[in-house]
Amino acid sequence: MRLLMWVLPNWLTDFFVELAGHWQISRDIDRAFAAGDQEALAVFKTGTFAAVFTRRGLYARGDEFVEYARLVFEADGSCARFHRTFADRDRQD
């Protein structure tokens with residue numbers, strides 16, 4: 138992997154890292170949807186490819202995270218559910 142990272146241009150490796158990160162976030166969002174998380178269903182609309190390929194999509198996803206955290210705090214009185222939903226950022230799927 139290290140050799141591959143050395144051979145490929147930086148912009149290309151950055152792109153794949155960004156895509157992988159947003160893909161994992163989208164999986165967490167899908168799990169929240171499947172669990173019936175009403176706040177997640179109300180907020181998250183931006184897809185993985187929009188978040189990776191467009192500046193508007195990236196900003197929209199950031200705004201969705203802020204709104205989701207606000208709604209979770211209003212509903213639960215804490216942000217524990219937000220942290221549980223997006224806690225495993227380093228896991229390998």
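Counting in my numbering, the sequence shown tops out at residue 230, every number present. For every residue, glycine included, the Cβ atom is placed at its ideal position computed from N, Cα and C. Please read all numbers here as calculations on a predicted model, not as lab measurements.
Close beta carbons around residue i, own chain, < 7 angstroms, minus the five adjacent residues each side
i	result
ALA177	ILE166, ALA169, PHE170 and TYR205
TRP160	THR185
C-alpha gap between residue i and residue j, whole angstroms
i	j	result
ARG164	PHE223	10 angstroms
LEU195	ASN147	20 angstroms
GLN175	THR150	36 angstroms
THR183	ARG198	6 angstroms
SER215	GLU155	29 angstroms
VAL209	PHE153	31 angstroms
ALA188	ALA179	18 angstroms
ILE162	GLU211	22 angstroms
Close Cβ partners of residue i (< 6 angstroms) along its chain, the five nearest in sequence each way excluded
i	result
HIS220	none
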